[in-house]
Amino acid sequence: QAALLLDDVFINKSKQSSNSNNNNNKTIPPIRLGIAGPPGAGKSTLIESLGSYLTNQGLKVAVLTIDPSSHVTGGSILGDKARMDELSRNPNAYVRSSPNGGVLGGLARYTNDVITLCEGGGYDVVVLETVGLGQSEVHVDDVVDVVALILPPAGGDELQGVKKGIVEVADIVGVNKCDGDMVNQGKRTVSEYRQALHFCRPKQPGWTTPVLPISAAKGDGLEKLWSKVTECHELLLEKGELWDRRRRQAELAMWDELKAQIMSLVEKDPELRRLAHKQARSLVSSIIPKQSKYFTYEDFETKGNRKLSLSDTYKLTSSPSSNQKQPNHNRLEYDDVNEDEDDDLATTPRAAASKLMKAIAGRLLTNQNPSLNDSLKK
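Numbering (this note's numbering), first residue to last: 25 to 402.
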């Protein structure tokens with residue numbers, strides 16, 4: 025049902041775009057704004073203040089927040105929506121929290137689809153808040169038009185501004201919490217980043233990344249921040265770069281979905297699961313000695329009919345005080361296998377992956393679906 029709804033949204037958007045072109049009207053797409061930054065920078069507070077400001081301007085705002093999932097239990101608190109209590113009750117705003125489900129880069133798997141649905145629902149601005157990011161997590165740039173990097177005062181010296189990573193993909197840099205006792209420190213951080221960004225290559229021609237002091241708690245700097253967001257969006261639209269960027273983003277989303285579907289095929293197919301488990305166990309047996317000071321390889325063998333997860337094979341306890349496995353509940357469990365079978369097992373991760381890909385291709389080619397079989401042969 026979700027896939028059908030998404031397809032219907034795409035069809036309606038295509039019809040609207042076609043009608044606009046026939047009437048010689050320029051279609052102005054909704055603004056996709058990404059809010060990224062380290063944990064504790066005040067991103068949620070900033071989004072609530074900015075969202076209230078935009079709704080007061082007569083705009084409909086959709087806020088999508090990504091919350092980290094536990095690597096132990098797989099759960100997520102989804103606390104970002106609780107922080108936006110006032111905005112959540114605003115009739116012109118929609119706030120949705122989603123767990124990242126172990127997806128790297130600060131996003132969730134279906135973030136791009138949810139953004140499309142919000143645009144189809146008539147929202148003028150879609151604000152995406154990522155998980156608290158490090159320097160190398162830049163996937164937010166693959167789903168939004170404008171990236172605003174939010175930093176706390178005393179977020180490092182000018183060297184942080186010239187490091188590669190998230191600073192490179194930022195269209196706007198905002199230093200939040202510039203109020204109270206942190207005013208002077210905030211001004212110093214703004215000055216340091218402005219100097220540092222002079223040595224960085226511009227993200228796009230004709231645009232200089234601004235560094236703005238902001239106080240989300242007091243509402244200071246929000247008007248200036250939004251004016252820079254719209255200015256950057258208009259520049260992309262005028263140069264035609266906005267549509268090129270969205271085409272590239274759609275292509276990246278296609279490849280990401282292909283990878284996810286391949287993994288889903290391995291997880292659901294019993295034969296592929298069995299092969300994956302055997303390859304993983306073969307890798308461990310070729311790396312770990314049969315006897316060790318703190319553990320033996322037999323400690324990680326499958327006992328009886330109990331299921332052993334693939335993560336159990338990798339998570340080895342090297343502490344002398346504990347020989348218990350620490351299963352990762354985010355990984356699916358794989359059935360026991362017969363060790364006596366004479367399979368061609370790999371000894372390196374790359375070789376194991378190649379053998380799995382050959383097995384996947386074989387399973388697809390032997391599929392009973394004639395149309396799929398014919399298309400694969402072509």
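No residue lacks a Cβ here, since even glycine has one placed at the ideal position from N, Cα and C.
Everything numeric in this text was worked out from a predicted model, so none of it was measured.
Indicate the three-state DSSP secondary structure (helix, strand or coil) for G230 in the structure shown.
coil
Reducing DSSP to helix, strand and coil, say where S93 ends up.
coil
Relative to the C-alpha of L388, which candidate in A370, L369, D293 and S378 has its C-alpha closest?
D293
Let me make sure I understand the geometry here. Which of R305, D91 and E255 has the alpha-carbon closest to that of V171?
E255
D109 versus P226 - alpha carbon distance
37 Å
If you follow the alpha helix (DSSP H) that I139 is in, where does it begin and where does it stop?
T135 to G144
What does DSSP give as the partner residues of D244 in its beta bridges?
S239
Can you tell me whether V96 is buried or exposed, with buried defined as 16 or more other CB within 10 angstroms of its CB?
exposed
Taking DSSP as the reference, what is the three-state secondary structure of Y147?
coil
Helix, strand or coil: how does DSSP classify S122 here?
strand
Cutoff 6 Å; reference I193; Cβ partners in own chain excluding five residues on either side:
Note on identity: in this sequence residue 193 is Val, with Ile being the wrong assignment. Here the set comprises V162, D165 and V171.
Could you tell me the alpha carbon to alpha carbon distance between L236 and G82, rounded to whole angstroms?
24 Å
Terminal residues of the alpha helix (DSSP H) in which G58 lies:
Per DSSP, G58 belongs to no alpha helix (DSSP H); it is in the beta strand (DSSP E), I55 to A60.
Where the alpha helix (DSSP H) through A172 begins and ends
Here A172 belongs to no alpha helix (DSSP H); instead the beta strand (DSSP E) covers V170 to L175.
Distance, M287 Cα to N200 Cα:
40 Å
So which of K302, L289, I55 and D280 has the shortest CA-CA distance to V151?
I55
Does DSSP put L260 in a helix, a strand or coil?
helix
Taking buried to mean at least 16 other C-beta atoms within 10 Å of its own C-beta, is G75 buried or exposed?
buried
For E72, three-class secondary structure by DSSP:
helix
What are the boundary residues of the alpha helix (DSSP H) that includes S196?
The sequence shown places Ile at residue 196, not Ser. Unbroken run through I196 is the beta strand (DSSP E), I196 to V199; no alpha helix (DSSP H).
Taking buried to mean at least 16 other C-beta atoms within 10 Å of its own C-beta, is D104 buried or exposed?
buried
Flag this pair as yes or no: are the beta carbons of A132 and I90 separated by less than 8 Å?
yes
Close Cβ partners of C202 (< 8 Å) along its chain, the five nearest in sequence each way excluded:
P177, G210, K211, V214, P237, I238, S239, D244 and G245
Three-state secondary structure (DSSP) at L332?
With a pLDDT of 43 at L332, under the threshold of 50, the modelled position of that residue is not reliable, and no figure is offered here.
Exposure label - H301; buried when at least 16 CB within 10 Å
buried
Please identify the residue among G145, P115, N114 and S93 whose C-alpha is closest to the C-alpha of L128.
S93
What does the alpha-carbon distance come out to for the pair C224 and D169?
20 Å
Inter-residue Cα distance where the pair is V149 and L57:
7 Å
Do A241 and Q303 come within 8 Å of each other at the CB atom, strictly closer than that value?
no
Is DSSP giving A376 helix, strand or coil here?
helix
Might you give, ordered along the chain, the residues of its own chain that have their beta carbon closer than 6 Å to the beta carbon of Y118, omitting 5 neighbours on each side?
A86
Please report how far the alpha carbon of E258 lies from the alpha carbon of G230, in whole angstroms.
12 Å
Could you tell me which residues DSSP pairs with E153 in its beta bridges?
I59 and T89
Short Cβ contact (8 Å threshold) for N116 with T79:
yes
Anyone know if the C-beta pair for S100 and P63 falls short of 8 Å?
no
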